[in-house]
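Everything on this sheet refers to the single structure shown next.
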Amino acid sequence: MRFTHLEKATTVLLDHPVRLTSAYAVGPVKLPENCGVGRAWSDHFTPEEWDLERACNEEGLELSAGGKAACRLLTELDPRNAELNLGVFPPLTEQERLLLVSNLRCAAAQEVIFRPFEGTGQIWVDGILVYAESGPLRLYLDEGNHTVVVVAAFIPDEARSIRISGTQTCDSADVAELHQEFVERNIRFHMAWLEVEKPAGREGEDSPVLFYLLRKDRIDLPVDQPLWVEVTNDEGTLLDRFQAVWEQEQQYAWNEEVAGNTGMLHFTVTYQDHEAREHYFVYSMLVRPLSAVVEGLQEEYDQYNQAYITDAFGSARKLQAEGLLAELKRLTALPEDPFEIWDNRIVREYIKLLKRIFTHAYTERPQHPSREDNILLCPDGIGEGFFVSRLDNSLQRYTIQLPRNYSADRQYPLIVLMPGKRYELGLPDFQKRGFGQGWEEEAIFVTFSCRGVTLGSYIGEAAFLEALDAILQAYRVDEDRIYLTGYSNGAYAAWAMAQAYPSRFAAIAVIAGAPHPKHLMNLLNMPIFNVVGDQDYLFAQAYTAPETDLSSDHYKGVVERCANHWDTHELRLLDGVLSWLMQWKRVMVPQRIAYRTERGRHNRAYWLELTQVDETEEYSELYGEMSKTGELDVRAVHVDEFIIHLSHEIVPLELVHVRIGARVFVLDLLEYNRFRFVKIESRKRPSPEYRLIAERWSETDGISGKETDDETARFRLKSAGRNPSGHGMGVLDVYMDRLHIVLPSSYATPEEEQAVKRTAKALASPRTATWNPYIGVHYPVVASHEISEEELADSNVICITSGLSRHELLQRHQAHLQISCTEKGYVLGGDFTAGEYCLSYIQPAPWSTRKQMLVVATNSPRMLGKNLFMRKLIMPGYFNGLHPYLNKEVIVYDSKGVRAFNFTSNKYAFHKLQGQ
Numbered sequence: 081m082r083f084t085h086l087e088k089a090t091t092v093l094l095d096h097p098v099r100l101t102s103a104y105a106v107g108p109v110k111l112p113e114n115c116g117v118g119r120a121w122s123d124h125f126t127p128e129e130w131d132l133e134r135a136c137n138e139e140g141l142e143l144s145a146g147g148k149a150a151c152r153l154l155t156e157l158d159p160r161n162a163e164l165n166l167g168v169f170p171p172l173t174e175q176e177r178l179l180l181v182s183n184l185r186c187a188a189a190q191e192v193i194f195r196p197f198e199g200t201g202q203i204w205v206d207g208i209l210v211y212a213e214s215g216p217l218r219l220y221l222d223e224g225n226h227t228v229v230v231v232a233a234f235i236p237d238e239a240r241s242i243r244i245s246g247t248q249t250c251d252s253a254d255v256a257e258l259h260q261e262f263v264e265r266n267i268r269f270h271m272a273w274l275e276v277e278k279p280a281g282r283e284g285e286d287s288p289v290l291f292y293l294l295r296k297d298r299i300d301l302p303v304d305q306p307l308w309v310e311v312t313n314d315e316g317t318l319l320d321r322f323q324a325v326w327e328q329e330q331q332y333a334w335n336e337e338v339a340g341n342t343g344m345l346h347f348t349v350t351y352q353d354h355e356a357r358e359h360y361f362v363y364s365m366l367v368r369p370l371s372a373v374v375e376g377l378q379e380e381y382d383q384y385n386q387a388y389i390t391d392a393f394g395s396a397r398k399l400q401a402e403g404l405l406a407e408l409k410r411l412t413a414l415p416e417d418p419f420e421i422w423d424n425r426i427v428r429e430y431i432k433l434l435k436r437i438f439t440h441a442y443t444e445r446p447q448h449p450s451r452e453d454n455i456l457l458c459p460d461g462i463g464e465g466f467f468v469s470r471l472d473n474s475l476q477r478y479t480i481q482l483p484r485n486y487s488a489d490r491q492y493p494l495i496v497l498m499p500g501k502r503y504e505l506g507l508p509d510f511q512k513r514g515f516g517q518g519w520e521e522e523a524i525f526v527t528f529s530c531r532g533v534t535l536g537s538y539i540g541e542a543a544f545l546e547a548l549d550a551i552l553q554a555y556r557v558d559e560d561r562i563y564l565t566g567y568s569n570g571a572y573a574a575w576a577m578a579q580a581y582p583s584r585f586a587a588i589a590v591i592a593g594a595p596h597p598k599h600l601m602n603l604l605n606m607p608i609f610n611v612v613g614d615q616d617y618l619f620a621q622a623y624t625a626p627e628t629d630l631s632s633d634h635y636k637g638v639v640e641r642c643a644n645h646w647d648t649h650e651l652r653l654l655d656g657v658l659s660w661l662m663q664w665k666r667v668m669v670p671q672r673i674a675y676r677t678e679r680g681r682h683n684r685a686y687w688l689e690l691t692q693v694d695e696t697e698e699y700s701e702l703y704g705e706m707s708k709t710g711e712l713d714v715r716a717v718h719v720d721e722f723i724i725h726l727s728h729e730i731v732p733l734e735l736v737h738v739r740i741g742a743r744v745f746v747l748d749l750l751e752y753n754r755f756r757f758v759k760i761e762s763r764k765r766p767s768p769e770y771r772l773i774a775e776r777w778s779e780t781d782g783i784s785g786k787e788t789d790d791e792t793a794r795f796r797l798k799s800a801g802r803n804p805s806g807h808g809m810g811v812l813d814v815y816m817d818r819l820h821i822v823l824p825s826s827y828a829t830p831e832e833e834q835a836v837k838r839t840a841k842a843l844a845s846p847r848t849a850t851w852n853p854y855i856g857v858h859y860p861v862v863a864s865h866e867i868s869e870e871e872l873a874d875s876n877v878i879c880i881t882s883g884l885s886r887h888e889l890l891q892r893h894q895a896h897l898q899i900s901c902t903e904k905g906y907v908l909g910g911d912f913t914a915g916e917y918c919l920s921y922i923q924p925a926p927w928s929t930r931k932q933m934l935v936v937a938t939n940s941p942r943m944l945g946k947n948l949f950m951r952k953l954i955m956p957g958y959f960n961g962l963h964p965y966l967n968k969e970v971i972v973y974d975s976k977g978v979r980a981f982n983f984t985s986n987k988y989a990f991h992k993l994q995g996q
């Protein structure tokens, strides 16, 4: 097939990367079922010569099956990704495809690299298939015109990119170094790809199977080099060996008797590059339904479990086996997360690891069980572990790579790979990557779930901190060398955690994510490697703001030219980024501190801790500067109480002078290590004044000192009816710990029961406002008579009621509820408001001041359905600042509309919500 008149759809590749800025769009076209991955899509069109300019002016292109396909010229670019705007097309059905035909004009003969983002579909260059969801590729293009056809299987909203670069790209040294490693790791080390025609996934393939072998590196991997495929079963037994060819559709049929009861067949593809160096990769496919495979594994697990009834060894491995089996069971059905992608590699590695655990159970009995109570690792030190989450009692997994000579006798740096989605990297990804190879110093690499695209906020923060603590308890980590790195959502999370807890981490490396702009000062002492594409829609927030506010010797900003948000995805796991982190150690006592917070639970920066904020303000700030002679200058903004943490062990001085405003205090570091400053009211001075309370704190004895007003502070907080850590968190603070949703024991009407349970479902399954709204939490929902006193003592609760008398828990603690709700109205601040209402408010749980209780109360069940925040709970992100409703302690919805405020406000701040 030949294309003519493509001048209007031409993109010129000169000395900088490009993307297709114009193209003829053909379709959508419904292709026949037998249109395989390697078969020419052009066979389904009648003309041998395509004049697309004329087709746009006529009725389109004729299809061989009859009818015509529409054709139009696209030149409008999407501002979020600088790609062609495909928003003019409707969503594609399963068999529909959209063809984009463009002319790429090379100004010179050169090597060309295509960097497509996942989900692109197929890419054909000059009639040859070069991409089929197979990752970045490179090929040689002569000077002149080349026809590029993109066959799109679906149209993503915005996550699209095909970045095309040549050898004459002029970049900074940092970008050039990253780009070189990117080519090595993603193309030269992984030169080939196997694509199965219409894979059956969890249902298992039928014999024969059609497949296609694709070269990703079309320069160092000649098409005529020998290519062999070995077929093995789950036991590793060789079943077959045959020679294959590149870039032709091939068929393989297996003998059912020979395959036996294996769950998967494994195709090891071996080939040689242009220098006769051997490479290989493994493609695995289920040949039985996963549900049947899991049944067999369950039987093996039951035998394994029976063997450990009286054996204390291996509790971590038992949990590992339970977790792997639970994950495989989950994969037998469609996932809850609509964006979770089926991955045969995960199934393969979980089956292999389970069988190794079962085998080791009977062949290994270590002499020192306490030292060996850990997960079973693969020979390369990579493993999949699990822990029981206290947030919702679910099994949560983590993937870890330990140093090959890992020893419990020493500590190691920890690099946390923050996920871009619920789970981004797994066992096969770690095995493919092999982190830290060739480094002078070894490190532990780990990734775990922050439960979704949560941006490190609220549930995301709670999940991150819990998982990090689980790793620190299980492995020997140098806590002065904990590093965070992530892309997109993972970068947002890394920024958020570093800004909230700057004294906990040694350095961060962030790619295409944005910080909270008003909290950049918190990172004054934090080493940061920040990579952003100049076409990223987040460029101003992700790059310009940090570059302006954090410029220093330990801040490194890197801009990739002609790269959008999705292009930089490929840079996230490079050594050039990860190894940069290893040079830094956590700063314990920096000379300068600046810390701003909007939330009570984010309150510590190195030697300054904010313990009580000014309740009438939305933020607080602490500034501290230490001279070399031991003099401190501290400034507090909107702060009622703060602590200086210093001791003679930290600062080798006996006395330290602190200037706060006009006063100077003397700190005795030999006698005390905590110096509490409490604001005192003074009508004589316009600026705030503080009094000093010196304390000595130890892990064994707690706090002691000359004087302490802890009891006064507790009384003040109790009388205010709030938990200090919940300041700025509002009703969302209930999600920061273990949580139960507690419902009434009975209902007056079926309509009431339906409304209450619908609200419970919404609050038990909150969502995000991101590209993937799913959050992977499963909070238990129970009736008030079903929850035990032990569970209450260790859990936050959300109590939903439309009649206090029918909710046993609220009825029992009615005297301690801060808002009185009746059938006729509610009493708040001594004022009675009559009529229908639906309100939610958070307060310390009456049975434990350490726990939070969110009460959702109404006198009309239909108000639950009308209340926006009860129909669907959308979690905001920290980087956006305070939410006008959800970060308040009280949200009222009645005949006056929706308003939100805090209990301690001098006057209620009313916020009218449009449309209610």
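With this note's numbering as the guide, the letters of the sequence shown map in order to residues 81 to 996.
Don't be surprised by glycine CBs; every beta carbon is placed ideally from N, CA and C.
All values derive from a computational prediction rather than experimental measurement.
(message) Just list the residues that DSSP pairs histidine 963 with in beta bridges.
(response) In DSSP, histidine 963 forms no bridge with anything.
(request) Could you check which residue in Gly500, Asp489 and Glu464 has the C-alpha nearest to that of leucine 405? (result) Glu464
(message) Classify glutamate 174: buried if its beta carbon has 16 or more other beta carbons within 10 angstroms, exposed otherwise.
(response) exposed
(message) By the DSSP assignment, the beta strand (DSSP E) with cysteine 998 in it spans what residues?
(response) Residue coverage of the chain in this structure runs from 81 to 996, which leaves residue 998 outside it and unanswerable.
(request) Say whether the segment 574–585 touches the segment 666–683, bearing in mind that this needs 3 or more beta-carbon pairs closer than 8 Å, one atom from each stretch. (result) yes
(message) Let me check understanding here. Comparing Cα to Cα, which of Gly905, Glu689, Lys904 and Leu884 lies closest to leucine 897?
(response) Leu884
(message) Quick check on this structure: which residue in Asp314, Gly656 and Leu934 has the alpha carbon closest to the alpha carbon of glycine 518?
(response) Gly656
(request) With distances taken Cα to Cα, identify the nearest neighbour of arginine 477 among Asp297, Ile551, Ile740 and Lys512. (result) Ile551
(request) Starting from the N-terminal side, write out each stretch of the beta strand (DSSP E) that is 3 residues or longer and does not extend beyond the segment 210–268. (result) 217–221, 224–232 and 242–245
(message) Please tell me whether, using a cut-off of 8 Å, the distance from the CB of histidine 893 to the nearest non-hydrogen atom of the ligand GTP is below it.
(response) With respect to small molecules bound, the structure shown includes none, and the ligand GTP cannot be examined in it.
(request) Provide the residue span of the beta strand (DSSP E) that contains glutamate 129, from first to last. (result) 129–131
(message) Give me the residue from Met498, Gln663, Pro508 and Arg243 with the minimum Cα distance to cysteine 58.
(response) This structure does not reach residue 58, given that the chain is present from 81 up to 996, and the question cannot be answered.
(request) With distances taken Cα to Cα, identify the nearest neighbour of serine 920 among Gly810, Pro830, Lys904 and Ile855. (result) Gly810
(message) Does phenylalanine 532 pass the burial test, meaning 16 or more other C-beta atoms within 10 Å, or should it be called exposed?
(response) Reading off the sequence shown, one finds glycine at residue 532, where the question assumed phenylalanine. Answer is buried; the Cβ neighbour count reaches 16.
(request) Please go through the same chain and pick out, in chain order, the residues whose beta-carbon is closer than 8 Å to the beta-carbon of tyrosine 220, but skip the five residues on each side of it. (result) Ala189, Gln190, Glu191, Val192, Arg298 and Ile299
(request) Work out the CA separation of valine 611 and arginine 185 for me, nearest whole Å. (result) 30 Å
(message) Give me the residue from Asn385, Tyr752 and Leu735 with the minimum Cα distance to valine 746.
(response) Leu735
(message) Taking 6 Å as the limit between beta carbons, can you name the residues of its chain near proline 236, skipping five residues before and five after?
(response) Gly199
(message) Beta-carbon within less than 7 Å of phenylalanine 619's beta-carbon, same chain only, minus the 5 sequence neighbours each way: which residues are those?
(response) Val612
(request) With distances taken Cα to Cα, identify the nearest neighbour of valine 731 among Ile723, Arg739 and Leu749. (result) Leu749
(message) Please return the same chain residues whose Cβ sits closer than 7 Å to the Cβ of serine 727, not counting the five positions on each side in sequence.
(response) Leu749 and Asn753
(request) Please report how far the alpha carbon of asparagine 967 lies from the alpha carbon of tyrosine 958, in whole angstroms. (result) 11 Å
(message) Rounding to the nearest angstrom, what Cα-Cα distance links serine 371 and glycine 343 in this structure?
(response) 10 Å
(request) Go ahead and label valine 71 buried or exposed: buried means 16 or more other beta carbons lie within 10 angstroms of its beta carbon, across all protein chains shown. (result) There is no way to answer for residue 71, as the model of the chain reaches only from 81 to 996.
(message) Looking only at its chain, what residues have a beta carbon closer than 7 Å to the beta carbon of alanine 103, apart from the 5 residues adjacent to it on each side?
(response) Ala89, Leu154, Leu164, Leu180, Val181 and Ser182
(request) Could you tell me which uninterrupted beta strand (DSSP E) segments, each at least 3 residues in length, are contained entirely in the segment 581–658, listed from first to last along the chain? (result) 587–591, 608–613 and 635–640
(message) Assuming alanine 840 is part of the alpha helix (DSSP H), what are its boundary residues?
(response) 830–844
(message) Would the segment 871–881 count as touching the segment 922–929 if we require 3 or more Cβ pairs under 8 Å?
(response) yes
(message) On the criterion of 16 or more Cβ atoms from any shown chain inside 10 Å, does serine 700 qualify as buried, or is it exposed?
(response) buried
(request) Output the boundary residues of the beta strand (DSSP E) element that contains glycine 566. (result) 557–567
(request) Please go through the same chain and pick out, in chain order, the residues whose beta-carbon is closer than 6 Å to the beta-carbon of tyrosine 973, but skip the five residues on each side of it. (result) Cys918 and Asn947
(message) With H, G and I counted as helix, E and B as strand and the rest as coil, what does DSSP make of glutamine 476?
(response) strand
(request) With DSSP as the reference, label alanine 937 as helix, strand or coil. (result) strand
(request) Work out the CA separation of glutamine 621 and aspartate 472 for me, nearest whole Å. (result) 34 Å
(request) Out of Leu290, Val362 and Val303, point me to the one whose CA is closest to tryptophan 334's CA. (result) Leu290
(message) List, from N- to C-terminal side, the beta strand (DSSP E) runs of 3 residues or more that fit wholly inside the segment 309–347.
(response) 318–323 and 329–332
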